[in-house]
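Number of protein chains: 2
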Amino acid sequence: MAQDPLVVFTPSGRRGRVPSGTTVLSAARMLGVDLDSVCGGRGICSKCQVAPMSGTFAKHGITAGPEALSEQNAVEARYDAKRGLAAGRRLGCQAQILSDAVIDVPPESQVHRQVVRKDADTHPVETDPATRLMMVEVAPADMHAPEGAFERLSAALANEWAVGTLEADLPMLAAVPAALEAGGGRVTCAVFADHRGGPARLTEIRPGLLADGIFGLAIDLGSTTIAAHLTDLASGSVVASAGAMNPQIRFGEDLMSRVSYAMMTPGGAAEMTLAVRTALGTLVAEVAADAGVAPERILEATIVCNPVMHHLLLGLDPVPLGQAPFALAVSDSLTLSARDLDLGALPDAARIYVLPCIAGHVGADAAAVALAQRLDLRDDLSLVVDVGTNAEILLGNRDRVLACSSPTGPAFEGAQITCGQRAAPGAIEAVRIDTETKIARVRVIGCPLWSDDPGFAAAIAGTGITGICGSGIVEAVAEMRQAGVMDASGLIGSPEATGSDRVRADGRTWEYVLHDGSATGGAPIRVTQNDVRAIQLAKSALYAGARLLMDEMGVDRVDRVVLAGAFGAHISPLHALVLGMIPDVAPDAVTSAGNAAGTGARIALCSRAARAEVEAIVGRITKVETALAPRFQEHFVAANAIPHASEPCPELLRVVTLPDVAFGAAGGREGGRRRRRA
Amino acid sequence: MAQDPLVVFTPSGRRGRVPSGTTVLSAARMLGVDLDSVCGGRGICSKCQVAPMSGTFAKHGITAGPEALSEQNAVEARYDAKRGLAAGRRLGCQAQILSDAVIDVPPESQVHRQVVRKDADTHPVETDPATRLMMVEVAPADMHAPEGAFERLSAALANEWAVGTLEADLPMLAAVPAALEAGGGRVTCAVFADHRGGPARLTEIRPGLLADGIFGLAIDLGSTTIAAHLTDLASGSVVASAGAMNPQIRFGEDLMSRVSYAMMTPGGAAEMTLAVRTALGTLVAEVAADAGVAPERILEATIVCNPVMHHLLLGLDPVPLGQAPFALAVSDSLTLSARDLDLGALPDAARIYVLPCIAGHVGADAAAVALAQRLDLRDDLSLVVDVGTNAEILLGNRDRVLACSSPTGPAFEGAQITCGQRAAPGAIEAVRIDTETKIARVRVIGCPLWSDDPGFAAAIAGTGITGICGSGIVEAVAEMRQAGVMDASGLIGSPEATGSDRVRADGRTWEYVLHDGSATGGAPIRVTQNDVRAIQLAKSALYAGARLLMDEMGVDRVDRVVLAGAFGAHISPLHALVLGMIPDVAPDAVTSAGNAAGTGARIALCSRAARAEVEAIVGRITKVETALAPRFQEHFVAANAIPHASEPCPELLRVVTLPDVAFGAAGGREGGRRRRRA
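Protein chains in written order, with UniProt numbering: chain B, 1 to 678; chain H, 1 to 678.
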């Protein structure tokens, strides 16, 4: 008797013998090969397409020809005629294995695809969405076996797709009979089954086949801005992104002022809840329209945010978050319906996963950063800082992960800076000061030229130079320190002491003119002594938080620093080190993770395993409370100097020379005044 | 070494030795004795009160004195001083067992109490509510262990009460921190954990102790009337009942006309859904007000209804129920939130259990009757008929249970009867016709006297005699048959043929005057030939349904008949047999079960075990479809005669003589006309 055919699947390499006549899809399932299907093997969804290979495969010990698979049967021929199969492609559910075969499963036929491209820094994540489309054929109603339509549907899903207990809200139950009627018993269901292993939920039902196009939203709800990334749940790819200002800004710029508003104003918290939900609803409608996606196809969302936003979004009282012990109403992850949050644009049945909070000050956004960065999988010690109005700081490695938050204030976002503005076209984002001439050249958002490049004036004519954004002010202050315009204490020197006519009087202190604007008819853009003080406060808070975690970890240095957040993506590592925002480390060990919180939201959106992981990670993170640590204040004061009053910075000094100037006694206007008084 | 004390609990008889110093509550838990507690042993709820017994108990081999238990400790003394303990009572959580003891657990200290009094016919049911009150002490917020308030509450419930995974809707989550704050960490939770064993749900939280008074509603949603029984969930006792007309009557008197309305009128189903939900909301508010119970204390409800009402209540399309194959949208039981049904008066978090439907024609009301009657636990063969606009019919025993429904129409409810009316004061509910004089005496609702008793006229002066209700018309027709005023074919004889001046011409037919009204100044109350025809149609449908089930079961007789439904409670067994509504059986084998559907709703409300039971019973019931059974029509026609055209009725004839009259050829006006024409 001849042996059963041997089949090898690539790229997985899984192999085995299957009875002759077995379909490729059945063989894949028998051998545990990841091969997609929505229609359940009916030859209509084409999700199970494979590419049989011909030739001699010495590695596999197989010689395969075109006869390894059966010829197109009627079902496959009908699909090919109607929709067209690409050359070399076969429908896995129809093609039968007749003799030894090597079969390639192309990426688009795999259920589990990579969500985030693997690079040096990033842990790869495969799609494993909680919501999947499943087509079934449901038995017709039978008077002698009077199960309801929903029970017959559940039985079909159990039988064809091994779905366990199925639940549905009433409106979804109500939709079942009409869909069965319209589809002649054949319907496609969106079935949500999450990492917790409870009952599955029916979240959408359509007559006939719906093979493509269900979406999810990864939402990063910040104090200042809201970002939403519309993502194809099957592929994990982002199809559109949109942002909006958080309308709660009108109740308070920073979180604590919103908490105060909730505390002082009856109904204030509810007012803010309504505002943010309405804004989210609008944003959802907008991003769906941008992508040309019907909102009813958006069946999931994940939300990351800080604890105050978390409570305001969910309708929980934020007031306890404003004072010790900073008690959260709920800390674990939540899985809700869109209906629970009144997110108008989403279908009521859409499932919303809210990532867990780490503590009263360290939210789901920090959890998302931990998920995106997975410092807990690395041997080296990583410091991850997500810079915003609050900085979320994580420190750790395989053994232990610590977290804290630190109130940096809005200076890093360009707020409370004399010429500060949000990152937008026209804002200075990069600064270089010539150490000889002490003259600055700048680059503005929206234009790749430096201000001393030919054609700069013409290139920026549309926007002008309107102010300095967060990364611009960091670079400006760092460059002022490097150029000797400002000393280690943060004091700007007089024109005489610095030898620069770019320094001008500003009341009782000095200010430095980054860009005088006269050539382009604009107002001068300058950095005042107060601006430097604001940046010093912000960077000291950030540094002190990081140092506190290092104390707790018992280390004096870290192996690498990751700057996360939209702002982090634009800070130059060298300037961050010169400013002393972060502990001393080799500049090439500082990397940017971009919007890591948003990435974490996207990973959790596309992967059930990632939801389980983030919950496990959060459970293992040790929270360090900055507000009550006596050493925080100590670190904060010592970190006021630029880069630092007492800590050496050997790594930085390997690549940069910092001039040894001091304007406090002689050269500074403040110092000068003091001297005159004495 | 002395032996550990021996303790015997009564009435359970459970016994065992426990270490000296064990509290009575701990001993009860160790020995599996049912002893209640809400405060978790803190000596404040007094739910664990016990009565220690003194004396020599030969049966138990124990001699116990007052020293068997420890003296009142400070906690118990404080409770006694503040609230007062009845003589002989002790707090089980404080009193310690020091030597051999016999301890009685009074009924009010047992969690599991009997819901429905056991009598000859009824299966006993013990309370085992899905919602229980649990007091806990929750750890304060701790900055160094930053679990949320909800997580700390969950941990306390797990620790003190062995509650598993706890879930809550957002508004309930939001209520947790404030309750903890107000109660100083001590709160009482209502926790719902049902028979399905999924996660528990928090449905109420109060600061401090709430030992008493959570309620449930057993709702019997009929086509014509809605009844709600407000029930103490702990004791199972009904504290108030209220009824209302089903407002859907304005869309159609019977179910099929409502289905037609839904089919013909766009938005018609939604309109009916809104109407019934609004009416339920009003009824809930009313019954709560009647009982002086705050609606927010009503944390559960169960609903029984027929399939059309079921779909209309739930917002499911009823149209498929109007034609074969009578497909239900959902047949299994459902557990919903009050929010899902917009039942205004109930708290959103209240849990609603909707009993399962048996089939497209046999609803959750029939399932509730099966639960209340448990014919599946009996050796003898029971026929249970729930008489209403539709009759639900169950036939079965330990081996097999069959069910069908039969469209009896509204005649049994007094509708479509010339002088018919709903059962209300002034309606004739009982009739006796003297076989000699052919004169009727009647009794009306609201007055215990018969119309020939002295003082009758005065007694009914307030209401008058306004019409005939359902049980009245059944008795009237049966009595007319027994008195020979009407023959077996249902024809009323002429005055000459019957020898009665109570028979009068009514157009081309004869009518019988039950009550001439002249003495009381009212209109005569009479039974017309058409009324008899309407009753014949109704009783034939009921009988034919029962016979069809008997055919399916392969039997010619049943052992007992149970008449259920409000109407069933008022029918006299003998008259039902004379009329031939039910198969021949000894009159004393016919009993009334009262509102068995409502009883079933009440049982399911108070017992998780009963919910599992009703689901199991429904799964085992064989549904018989009357609409498609050829023999139904045959049985229907044969059952038109009174009592029956062909079936002998030996049991009936043992106690009653039926005159052998026939008016068709000679005595009847119809017959007479025909004769004249010939």
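Don't be surprised by glycine CBs; every beta carbon is placed ideally from N, CA and C. Model, not experiment: these values are computed from the prediction.
Please name the residue in H/D232, H/D100, H/D142, H/G21 whose C-alpha comes closest to that of B/L628. By one-based count along the first sequence, residue 628 of chain B stands at place 628. Nearest option by C-alpha distance: H/D142.
Ends of the alpha helix (DSSP H) at H/I439? Within the second sequence, the letter at position 439 stands for residue 439 of chain H. First-last for H/I439: undefined, no H or E at that position.
Using C-beta distances below 7 Å, list every residue in its chain close to H/A182, excluding the 5 sequence neighbours before and after it, in chain order. If you number the second sequence from 1, residue 182 of chain H lands on position 182. Closer than 7 Å at the Cβ level, and outside the excluded window around H/A182, lie P207.
Quick check: what's the CA-CA separation for H/H112 versus H/P129? On the second sequence, residue 112 of chain H is found 112 positions in, with the first residue counted as 1. On the second sequence, residue 129 of chain H is found 129 positions in, with the first residue counted as 1. Each residue's alpha carbon lies about 9 Å from the other.
From the DSSP output, in three-state form, read off B/A430 for me. Taking the first residue of the first sequence as position 1, residue 430 of chain B is located at position 430. B/A430: strand per DSSP, three-state reduction.
Could you spell out where the alpha helix (DSSP H) holding H/D80 opens and where it closes? Here residue 80 of chain H corresponds to residue number 80 of the second sequence, with the count starting at 1. It spans 74 to 83 - the alpha helix (DSSP H) in which H/D80 sits, taken as one unbroken run.
Counting Cβ pairs closer than 8 Å, one from the stretch 390 to 408 of chain H and one from the stretch 540 to 557 of chain H, do we hit at least three? yes
Stretch-stretch touch, CB-based, cutoff 8 Å, three pairs: the stretch 507 to 521 of chain B with the stretch 354 to 374 of chain B: no
When the Cα atoms are used, what is the spatial distance from B/E436 to B/A483? Reading the first sequence from its first residue, position 436 is the one you call residue 436 of chain B. Reading the first sequence from its first residue, position 483 is the one you call residue 483 of chain B. Those two C-alpha atoms are separated by around 8 Å.
Taking C-beta to C-beta, are B/A275 and B/F251 nearer than 9 Å? Residue mapping note: residue 275 of chain B aligns to position 275 of the first sequence, counting from 1. Residue mapping note: residue 251 of chain B aligns to position 251 of the first sequence, counting from 1. Contact flag set, yes.
If we define contact as Cβ-Cβ less than 9 Å, is H/S109 a contact residue for chain B? Taking the first residue of the second sequence as position 1, residue 109 of chain H is located at position 109. So no, H/S109 is outside the interface.
Sheet register partners of B/A190 (DSSP bridge): Your numbering for residue 190 of chain B matches position 190 in the first sequence. Answer is B/L133, B/E204.
Is there a C-beta anywhere in chain B that falls below 9 Å from the one on H/A294? On the second sequence, position 294 is the one that residue 294 of chain H refers to. Not an interface residue.
Can you give me the start and stop residues for the beta strand (DSSP E) that B/V513 sits inside? As a first step, residue 513 of chain B must be located in the first sequence, where it is residue number 513. Element bounds for B/V513: 509 to 515.
Per DSSP, what are the beta-bridge partners of H/F57 in this structure? Sequence index remark: in the second sequence, residue 57 of chain H carries index 57 (1-based). According to DSSP, H/F57 bridges with H/I62.
Using only the alpha-carbon positions, how far apart do H/H635 and H/S540 sit? Residue 635 of chain H sits at position 635 when you count from the first residue of the second sequence. Residue 540 of chain H sits at position 540 when you count from the first residue of the second sequence. Near 8 Å, if we compare the C-alpha coordinates of H/S540 and H/H635.
Is the shortest distance between the beta-carbon of H/V176 and the beta-carbons of chain B less than 9 Å? Working through the second sequence from its first residue, we reach residue 176 of chain H at position 176. Closer than 9 Å to some Cβ of chain B, the Cβ of H/V176 qualifies, so yes.
Within 7 Å of chain H by C-beta, residues of the stretch 623 to 646 of chain B in sequence order: K623, E625, L628
Anything in the stretch 187 to 209 of chain B with a Cβ closer than 8 Å to a Cβ of chain C? List those residues in chain order, please. This model lacks chain C altogether; the protein chains it does include are B and H.
State buried or exposed for B/H144, treating a residue as buried only when at least 16 other CB atoms are found within 10 Å of its CB. For the purposes of this step, residue 144 of chain B is taken as the residue at position 144 of the first sequence. By the 10 Å Cβ count, B/H144 comes out exposed.
What residues in the stretch 322 to 337 of chain B bring their beta carbon closer than 9 Å to a beta carbon of chain H? A324, P325, F326, A327, L328, A329, V330, S331, D332, L334, L336
Does any residue of chain B have a CB that is nearer than 9 Å to the CB of H/H144? Residue mapping note: residue 144 of chain H aligns to position 144 of the second sequence, counting from 1. Yes, H/H144 lies at the interface with chain B (some Cβ there is under 9 Å from its Cβ).
Proximity winner among H/F215, H/V532, H/A101, H/D80, relative to residue 679 of chain H (alpha-carbon distances): Examination of residue 679 of chain H is not possible in this model, given that chain H is present from 1 through 678 alone.
Relative to chain H, which residues along the stretch 385 to 396 of chain B have a C-beta separation below 7 Å, given in chain order? none
Using a Cβ-Cβ cutoff of less than 7 Å, which residues in the same chain neighbour B/G13 once the five nearest sequence positions on both sides are dropped? For the purposes of this step, residue 13 of chain B is taken as the residue at position 13 of the first sequence. So the list is empty, once near-sequence residues are dropped.
Going straight from the alpha carbon of B/D4 to that of B/L98, what length do you get? Here residue 4 of chain B refers to the residue found at position 4 when the first sequence is read from its first residue. Here residue 98 of chain B refers to the residue found at position 98 when the first sequence is read from its first residue. Computed Cα separation, rounded: 9 Å.
First and last residue of the uninterrupted beta strand (DSSP E) at H/M245: Start at 1 with the first residue of the second sequence, and residue 245 of chain H comes out as number 245. From DSSP, the beta strand (DSSP E) with H/M245 extends over 238 to 245.
In angstroms with no decimal places, state the Cα-to-Cα distance between H/S333 and B/D332. Working through the second sequence from its first residue, we reach residue 333 of chain H at position 333. Working through the first sequence from its first residue, we reach residue 332 of chain B at position 332. Whole-angstrom Cα-Cα distance: 31 Å.
In whole angstroms, what is the alpha-carbon distance linking H/R78 and H/P177? Position 78 of the second sequence, counted from the start, is the residue given in the question as residue 78 of chain H. Position 177 of the second sequence, counted from the start, is the residue given in the question as residue 177 of chain H. Each residue's alpha carbon lies about 29 Å from the other.
Is the Cβ of B/V365 closer than 9 Å to any Cβ of chain H? In the first sequence, counting from the first residue as 1, residue 365 of chain B sits at position 365. Sequence inspection shows Asp at residue 365 of chain B; the Val mentioned does not correspond to that position. Closer than 9 Å: no.
B/A645, buried or exposed, once every other Cβ within 10 Å from all chains shown has been counted against 16: Numbered from its first residue, the first sequence carries residue 645 of chain B at position 645. With fewer than 16 Cβ atoms within 10 Å of its Cβ, B/A645 is classed as exposed.
Beta-carbon proximity list for H/H515, same chain, < 6 Å, skipping 5 on both sides: The residue labelled residue 515 of chain H in the question sits at position 515 within the second sequence. Closer than 6 Å at the Cβ level, and outside the excluded window around H/H515, lie V442, I465, I525.
Could you tell me the distance, in whole angstroms, from the CA atom of B/A156 to the CA atom of B/A139? Taking the first sequence and counting its residues from 1, the one referred to as residue 156 of chain B is at position 156. Taking the first sequence and counting its residues from 1, the one referred to as residue 139 of chain B is at position 139. So the two alpha carbons sit approximately 8 Å from each other.
So, helix, strand or coil for B/G197, using DSSP? Numbered from 1 along the first sequence, position 197 holds the residue referred to as residue 197 of chain B. B/G197 falls in the coil class under three-state DSSP.
Below 9 Å between beta carbons: does that hold for H/H361 and H/P307? What you label residue 361 of chain H is simply residue 361 of the second sequence in a count that begins at 1. What you label residue 307 of chain H is simply residue 307 of the second sequence in a count that begins at 1. Yes, the pair counts as a contact, with Cβ atoms nearer than the cut-off.
Report the neighbours of H/P320 on chain B: residues whose CB is nearer than 9 Å to its CB, in chain order. Working through the second sequence from its first residue, we reach residue 320 of chain H at position 320. Within 9 Å Cβ-Cβ: A141, A149, P177, E181.
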